[in-house]
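Below: the structure, in structure tokens.
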Amino acid sequence: MQLLRYSIDDGAIGYGLLDGQRVREIFGSVFGDFKLGTRTHALEDVQLQAPVVPSKIVCVARNYARHARELGHQPPPEPLLFLKPPSAVIGPEAPLVLPRNVGRVDFEGELAVVMRKRARHVSPSEAAGMVLGYTCLNDVTARDIQQREKTFTRAKGFDTFCPIGPWIVTGISPQGRRIQTRVNGHIRQDGNSADMIHSVWDLVAFASSIMTLEPGDVLATGTPSGVGPLHPGDRVEIEIDGIGILSHPVIEEETRGE
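The working numbering puts the first residue of the sequence shown at 3, with every later residue one more than the last.
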């Protein structure tokens, strides 16, 4: 299934099921029991929102060996976690805003896991039963700040620095998924989830040993090599095999009074 959040002309936001090129309304919680309604909308007539509203976004750094080395690091012996704030989340086609005076801002295309159940101290073998599905995520990073401060909170936490979408795909394996990032149509990243140092199931288990993962929480699993800077006017597309394409424009932050 392809589950999404959308709005229509009246501004109401709800969950829907993508059925071909139409969106069928959903009643109930996608994290529990829900029913399909009879009303549908053409996909082109709805505004896609971020497919989930997480209480937290748990991210994994340097989970691809080549990416770790391109930034001058060795792959960590255990998952290196950090958090992005929910206020960073935007949906498909929402503009990614480059803050002024922060230097280089990079794209990082990633496979993201959306939790279905509350998970605490789960094993890797139990992890699959806790997951709702998978989506695309851009772990946008103010690289100069990250390198200068040696921490991730400010560099990763600006508003709009976590595009997610276009929808959540259920019933698929996260293994062997091609992850491609394009900027203005040019391929910048071309990786595969099979190359992760720590698997999706190991990551869910590890994160749940530290904090409770709630339904709707997002786990970003790391980015392949090839990260690079963004500029005003760029368009970013993150495509993951079997999931879809997350696309959004890049703009510069306006100064107050403009």
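We put the beta carbon where it would ideally sit given N, CA and C, even for glycine. Quick caveat: nothing in here was measured; it's all calculated off a predicted structure.
Using a Cβ distance threshold of 8 Å, Val-142 and Leu-98 count as a contacting pair. C-alpha of Ser-127 to C-alpha of Asn-65: approximately 20 Å in a straight line.
Leaving aside the five residues that flank Val-107 on each side, the residues in its chain whose CB is nearer than 8 Å to its CB run, in chain order, Leu-100, Pro-101, Val-142, Thr-143, Ala-144, Arg-145, Pro-231 and Leu-232. DSSP places Ile-92 in the strand class (E or B) of the three-state scheme. Contact check for Ile-245 against Arg-180 fails: the beta carbons are separated by 8 Å or more. Three or more pairs of CB atoms, one per stretch, sit closer than 8 Å, so the stretch 83-92 contacts the stretch 162-169. Boundaries of the beta strand (DSSP E) harbouring Glu-254: 246-254, taken from the DSSP string. A residue is called buried when at least 16 other Cβ atoms come within 10 angstroms of its Cβ; Gly-187 does not meet this threshold and is exposed.
For Gly-111, the enclosing beta strand (DSSP E) has its first and last residue at 111-117. Within the DSSP secondary-structure output, Pro-231 pairs in a beta bridge with Asp-108.
Between the stretch 11-24 and the stretch 45-64, the count of Cβ pairs shorter than 8 Å is three or higher; the stretches touch. Here Lys-86 is buried. Its C-beta has 16 or more other C-beta atoms within 10 Å. Taking C-beta separations shorter than 6 Å and ignoring five residues to either side along the sequence, the partners of Ala-222 in its chain run Cys-61, Glu-112, Ala-114, Leu-139 and Asp-141, following chain order. Nearest Cα to Asp-192 within the set Thr-183, Met-198 and Gly-131: Thr-183. Excluding the 5 residues flanking it on each side, Leu-82 has same chain C-beta neighbours closer than 7 Å at Val-62, Ala-63 and Arg-64, in chain order. Phe-33 and Gly-16 have their C-alpha atoms spaced approximately 14 Å apart. For Leu-38, the enclosing beta strand (DSSP E) covers residues 36-44.
In this structure, the CA atom of Gln-51 is about 24 Å from the CA atom of Ser-175. The three-state reading of DSSP puts Ile-147 in helix, counting H, G and I together.
For Gly-159, no beta strand (DSSP E) segment is defined; the enclosing uninterrupted segment is the alpha helix (DSSP H) at 155-159. Gly-131 carries a helical assignment under DSSP once its states are collapsed to helix, strand and coil.
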